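Numbering (my numbering), first residue to last: 1104 to 1432. Structure record follows, encoded as structure tokens.
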């Protein structure tokens, strides 16, 4: 039996009565079990987040936490890349690129933490305002609920947690049930960097229980979701008086015109069409080629695709790994 990976609940690492199985998309093997959150854990996390919000986190501390996490992630890049490859099935060389992007995301967030300044506005446009100034101040919007998908289990978590921490907002994160290990590993970097208790909880669990409890709770000020359009729009329909940020699926065509560099176009289509087995909202999903160059394009595209190597995500030569579940195949 695999040891249970605890979840992060407002600075505390805890186990729960139920477990979430994490399986390799490549072999189907059980690679880990994590603690599985329930609605009561969501409520505890939100209570802690509200309490944390009442004690503002100064900008210099936000910057320091994010800078520290970015540096430690860079130092442990290979460890994170292997975790992504194991649980998401992403080829290891592609997983390394995701880690690099995540480091950049956190570095940018750290810089923004020091740039959240307000604005000074002269009031002399009206006679009564002569000699007077008004000013604006940016304040944290409140508690953020973040829900992330399986296909970028590190960088998309950083996309949500990094800016929220930079703005001084506590975050309760529900990672994908397929890929919770990477998010939990990242959360450990935040606790090591001394992010105050309550500013981050990571709650693996089902969308019906953890997700619904998060989006319906009035203590949440903003919901940020990345995933399918069906789920995203259903979340938006359920929420009252909350800000909702949705990053949803897409239908991404490539148009190839007669004056195109055909070799470059083929290389781009192969790279972006088959990276992570096409499991990305910005993958190449349709290729529309001008009829005058169609045969020439196809003559280069087919052998380029045939050269791609499928197989074990941990194999350095693998170009295309598995789809996340058998249901998707």
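Where a beta carbon is used, it is the ideal one built from N, C-alpha and C, also for glycine. Remember, predicted model here, so these are calculated numbers, not experimental data.
field: Where the alpha helix (DSSP H) through residue 1338 begins and ends
entry: 1332-1341
message: How far does the alpha helix (DSSP H) with residue 1285 in it extend, from its first residue to its last?
response: Looking at the DSSP string, the run of the alpha helix (DSSP H) that includes residue 1285 is 1283-1295.
- prompt: So, is residue 1071 buried or exposed, given that buried needs 16 or more other C-beta atoms within 10 angstroms?
  reply: No answer is possible for residue 1071: the residues shown for the chain start at 1104 and end at 1432.
query: Which one of 1146, 1251, 1221 and 1181 has the shortest CA to CA distance from residue 1317?
result: When each option's Cα is compared against that of residue 1317, the closest is 1146.
message: Tell me whether the segment 1281-1298 and the segment 1155-1172 touch, counting them as touching only if at least three CB pairs, one residue from each stretch, are closer than 8 angstroms.
response: yes
- request: Given a cut-off of 9 angstroms, decide if residue 1138 and residue 1107 are closer than it, judged by their beta-carbon atoms.
  value: yes
field: Environment of residue 1136 [buried if 16+ CB atoms lie within 10 Å]
entry: buried
Nonlocal neighbours in the same chain, by C-beta distance under 7 angstroms from residue 1181, ignoring five residues either side: none
message: Measuring only the C-alpha atoms, how far is residue 1257 from residue 1264?
response: Cα to Cα, the separation comes out at about 10 angstroms.
message: Within a Cβ cutoff of 7 angstroms, which residues of the same chain sit near residue 1401, ignoring the five residues on either side of it in sequence?
response: none
query: Are the beta-carbon atoms of residue 1169 and residue 1202 separated by less than 9 angstroms?
result: no
query: Does the segment 1412-1431 touch the segment 1371-1382, meaning 3 or more C-beta pairs lie closer than 8 angstroms?
result: yes
query: Starting from residue 1238 and walking both ways along the beta strand (DSSP E), at which residues does that stretch end?
result: That run of the beta strand (DSSP E) goes 1236-1239.
- prompt: I think residue 1245 touches residue 1160, with their Cβ atoms under 8 angstroms apart; what is that distance to the nearest whole Å?
  reply: The pair is not a contact, with the Cβ atoms about 13 angstroms apart (cut-off 8 angstroms).
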